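**Q** Let me give you the structure first, and then I'll get to my questions.
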């Protein structure tokens, strides 16, 4: 995680958004604050945050699938030994 707990506290991020991509979210919120009426000026920051969230989701799904396959393999091996 790039953003520290102190930085997230200062940015007043909700607990649900304090994840691996919190540093991108803090940049996006700062940009929106600085460019208030023109929120479309923050397209780049929004894209960076969305992309980071997507990459984090993909990585979590890959880890989940790997763990699932390893458990299935372990179960298969144990059943073969028992038979």
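Residue numbers (the UniProt record's numbering): 1 to 83. Backbone N, C-alpha and C define an ideal beta-carbon position, used for all residues, glycine too. Keep in mind it's a predicted model, so treat the numbers as computed, not measured.
Which first and last residues belong to the alpha helix (DSSP H) in which residue 52 is found?
**A** If you number the chain shown from 1, residue 52 lands on position 52. Element bounds for residue 52: 43–82.
**Q** So what's residue 11 in DSSP terms, helix, strand or just coil?
**A** Position 11 of the chain shown, counted from the start, is the residue given in the question as residue 11. Three-state DSSP puts residue 11 in coil, outside helix and strand.
**Q** Would residue 27 pass as a contact of residue 6 if the rule is Cβ separation under 8 Å?
**A** Against the chain shown, residue 27 aligns to sequence position 27. Against the chain shown, residue 6 aligns to sequence position 6. The answer is no: Cβ separation not under 8 Å.
**Q** Counting C-beta neighbours from all protein chains within 10 Å, is the total for residue 25 16 or more, i.e. buried, or is it exposed?
**A** Taking the chain shown and counting its residues from 1, the one referred to as residue 25 is at position 25. When all chains shown are included, residue 25 counts as buried.
**Q** For residue 3, is the classification buried or exposed, using 16 other Cβ atoms within 10 angstroms of its Cβ as the cut-off for buried?
**A** Position 3 of the chain shown, counted from the start, is the residue given in the question as residue 3. The residue is buried, with at least 16 neighbouring Cβ atoms inside 10 Å.
**Q** So, using beta-carbon positions, are residue 21 and residue 42 closer together than 8 Å?
**A** One-based indexing of the chain shown puts residue 21 at position 21. One-based indexing of the chain shown puts residue 42 at position 42. Their beta carbons are not under 8 Å apart, which means residue 21 does not touch residue 42 by this criterion.
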